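Novice: Sharing a structure with you now.
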Amino acid sequence: MTVLLSAVNIGKLYGLRPVLRGVSLDVARGEFVAILGANGAGKTTLLRILATLARPNGGALTIGGLDALAHPERARALIGLVSHQPLIYPELTARENLEFYGRIYGVPDLAARVETALRRVNLWPRRDDLARTFSRGMIQRLTIARAVLHDPPLLLLDEPFTGLDQASAANLSALLREAALHERAVVMTTHELSRGLDGVTRALILKGGRIAHALERDITAPALAALMTEA
Amino acid sequence: MRTALRQVAAIVRKDILLELRTRESITAMIVFAVMAIVMFNFALRLRVDTFRPLTPGVLWVTLVFAGTLGLSRSMSSEQINQAIDGLLLAPCDRSLIFAAKAITNALFTLAVALLVTPVMAVLFDETLLQPGVGLVVLLGVVGYAGAGTLIATMAASTRAREVFLPILLFPLALPLLVAAVIATSGFLDRLPLGEFAAWIGVELAFIVIFWTAGALLFEYLVEG
Chain A
2 MTVLLSAVNI GKLYGLRPVL RGVSLDVARG EFVAILGANG AGKTTLLRIL
52 ATLARPNGGA LTIGGLDALA HPERARALIG LVSHQPLIYP ELTARENLEF
102 YGRIYGVPDL AARVETALRR VNLWPRRDDL ARTFSRGMIQ RLTIARAVLH
152 DPPLLLLDEP FTGLDQASAA NLSALLREAA LHERAVVMTT HELSRGLDGV
202 TRALILKGGR IAHALERDIT APALAALMTE A
Chain B
45 MRTALRQVAA IVRKDILLEL RTRESITAMI VFAVMAIVMF NFALRLRVDT
95 FRPLTPGVLW VTLVFAGTLG LSRSMSSEQI NQAIDGLLLA PCDRSLIFAA
145 KAITNALFTL AVALLVTPVM AVLFDETLLQ PGVGLVVLLG VVGYAGAGTL
195 IATMAASTRA REVFLPILLF PLALPLLVAA VIATSGFLDR LPLGEFAAWI
245 GVELAFIVIF WTAGALLFEY LVEG
């Protein structure tokens with residue numbers, strides 16, 4: 002399988018406090034990697050570095066063969082990010098939000114792509130409603146539509162289930178599984194063992210800024226809970 | 045180049061659309077500007093025959109204070125839903141995001157100037173409506189928007205952003221304010237251009253310095 006994302010020896014300091022200590026990670030197309038860890042383990046920092054939203058203090062990062070630290074603006078075209086923060090404008094409609102991001106990314110045939118993206122997340126009937134009128138679940142569906150609008154080969158998910166009820170979480174899981182198809186590489190951080198593990202092909206446990214464990218088969222909540230306790 | 049222009053235009057268009065929908069910045073700026081003129085009128089006991097020497101100062105203090113209101117909104121609107129991360133994920137040089145934000149801020153302040161200047165001309169000094177003053181206002185507003193966007197970006201990540209912005213920006217903008225006031229006076233008093241052209245040069249230099257600094261520093265100010 003082709004490696005799409007390669008992080009080597011990533012380190013990050015906040016002041017003098019090390020948050021990440023030599024994290025290395027390869028993710029191939031078609032892989033769905035979950036990064037688990039307690040609060041403060043460094044998951045969000047790692048994902049922000051992978052998304053080129055933060056710069057590491059050391060290490061190398063390659064996305065789609067591009068040096069993402071030297072040419073982040075080119076690497077960003079290959080990345081879609083779903084965060085627990087929706088990154089959308091509440092005073093714009095669902096369609097306007099997607100059209101804005103589509104223009105930024107230079108998405109061809111924008112109107113049709115926006116329609117397809119909104120239909121896929123079942124928001125087409127609400128396309129002209131302001132995003133601020135949406136429920137948390139609808140917002141998260143719009144966030145997924147935004148993240149995959151430019152058809153990125155790498156999808157990064159930062160605690161995507163935070164604040165969702167059971168039904169919305171199940172809906173989101175199904176959407177993420179669909180988004181993970183099409184030869185995408187997916188990296189998801191989470192501290193919840195009960196949600197979103199369907200389809201995960203590899204799980205990594207992050208502790209103290211290091212990858213403490215890796216699990217490549219039998220990825221179940223009890224197995225991960227045991228590893229997290231051990232870590 | 046076309047891609048860069050398209051990306052800048054998309055951000056400017058989005059900010060204008062947001063403003064048209066919420067009317068948070070422009071409305072506040074216009075109300076503030078009109079109130080400031082009224083306050084100056086009473087505080088300085090302005091009359092048509094005594095207003096001329098004070099015209100440039102009143103105009104520029106009004107524009108600078110009103111412009112600051114818009115500046116503080118320009119970055120804080122990106123903090124809602126952490127939308128700034130969506131912008132920072134855009135596949136473009138981040139200097140383009142700075143440029144787009146500064147252009148929007150300049151457009152909003154120019155809109156206020158377009159309203160305030162004729163009002164002051166009608167009430168106090170009809171000579172304000174001349175191309176020379178228009179040029180000075182254009183350059184001054186563009187320069188102020190560049191410096192203001194840079195400082196607003198710095199302030200956006202602080203807890204006391206509303207306080208931090210004017211405290212840092214006003215001393216920084218003082219040379220621009222002085223240049224704009226003197227150049228405006230020059231046109232109003234119909235002095236030979238050579239006597240005050242250097243102050244227009246100061247405005248131009250201010251634009252070059254702060255738009256360049258903003259383009260170079262923006263990435264470091266917004267990156268974690």
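Going down the list, the protein sequences come from chains A and B.
My numbering puts the first sequence at residues 2 to 232.
My numbering puts the second sequence at residues 45 to 268.
For each residue, glycine too, the CB sits at the ideal point set by N, CA and C.
None of the values given here were measured: they were computed from a predicted structure.
(1) Assuming G12 (chain A) contacts G60 (chain A) under a Cβ cut-off of 8 Å, what Cβ separation, rounded to an integer in Å, is found between them?
(2) Against chain A, does L172 (chain B) count as a neighbour if the rule is that its beta carbon must be under 7 Å from one of theirs?
(3) Could you check the C-alpha separation between A127 (chain B) and A226 (chain A) for me, to the nearest Å?
(4) Helix or strand or just coil, what does DSSP make of R30 (chain A)?
(5) Shorter than 7 Å from the beta carbon of P87 (chain A) to some beta carbon of chain B?
(6) Is the shortest distance between the beta-carbon of T66 (chain B) and the beta-carbons of chain A less than 7 Å?
(7) Just to confirm before moving on: does the CB-CB distance between S69 (chain B) and R117 (chain B) stay below 7 Å?
(8) In terms of alpha-carbon separation, which member of B:L260, B:L103, B:N125 lies closest to T197 (chain B)?
(9) Comparing the C-beta of P100 (chain B) with each C-beta of chain A, is any distance below 7 Å?
(10) Please confirm if A61 (chain A) has its CB atom under 7 Å from at least one CB of chain B.
(11) For a test of the three-state rule: what should DSSP assign to T71 (chain B), helix, strand or coil?
(12) Using a Cβ-Cβ distance under 7 Å, would G130 (chain B) count as near chain A?
(13) Straight-line CA distance for R196 (chain A) to L177 (chain A)?
(14) Compare the Cα-Cα distances from H72 (chain A) to each of B:L90, B:A134, B:V75 and report the closest residue.
(15) Listing by chain order, which chain B residues have their CB less than 7 Å from the CB of P91 (chain A)?
(16) Out of A:N40, A:M139, A:H151, which has the shortest C-alpha to C-alpha gap to S169 (chain A)?
(17) What number of angstroms, rounded off, separates the C-alpha of L21 (chain A) from the C-alpha of V181 (chain B)?
(18) Residues in its own chain within less than 8 Å of D169 (chain B) by CB, not counting five upstream and five downstream?
(19) Per DSSP, what kind of secondary structure is G190 (chain B) in: helix, strand or coil?
(20) Using the DSSP secondary-structure output, state which residues sit across from V214 (chain A) in a beta bridge.
(21) Do you know how far the Cα of A175 (chain A) is from the Cα of D199 (chain A)?
(22) Below 7 Å between beta carbons: does that hold for V83 (chain A) and L158 (chain A)?
(23) On the DSSP bridge list, what partners appear for I80 (chain A)?
(24) Chain B beta carbons: is any one of them nearer than 7 Å to that of I212 (chain A)?
(25) Determine the extent of the alpha helix (DSSP H) in which I124 (chain B) is found, giving its start and end residues.
(26) Mind listing which residues of the region 52 to 66 of chain B have their C-beta closer than 9 Å to chain A's C-betas, in chain order?
(27) With DSSP collapsed to three states, give me the class of V122 (chain A).
(28) So, is the C-beta of A157 (chain B) closer than 7 Å to a C-beta in chain A?
(29) Under 8 Å by Cβ, that's how I've got L220 (chain B) and E247 (chain B) pegged, so tell me the actual separation to the nearest angstrom.
Specialist: If we stick to the structure as given:
(1) 6 Å
(2) The Cβ of L172 (chain B) sits no closer than 7 Å to any Cβ of chain A.
(3) 34 Å
(4) coil
(5) Judged by the 7 Å Cβ criterion, P87 (chain A) is in contact with chain B.
(6) yes
(7) yes
(8) Distances from the alpha-carbon of T197 (chain B) to those of B:L260, B:L103, B:N125 put B:L260 closest.
(9) no
(10) No - not a single Cβ of chain B is within 7 Å of the one on A61 (chain A).
(11) helix
(12) At least one chain A Cβ lies under 7 Å of G130 (chain B).
(13) 12 Å
(14) B:A134
(15) I124, N125
(16) A:M139
(17) 50 Å
(18) V92, F95, R96, T99, L232
(19) helix
(20) The identity of residue 214 (chain A) in the sequence shown is His, whereas the question assumes Val. Bridge partners of H214 (chain A): A:I206.
(21) 9 Å
(22) Yes.
(23) A:L155
(24) no
(25) Counting along the chain, I124 (chain B) falls outside any alpha helix (DSSP H), and DSSP gives it neither H nor E.
(26) A53, A54, I55, R57, K58, L61, L62, R65, T66
(27) coil
(28) no
(29) 6 Å
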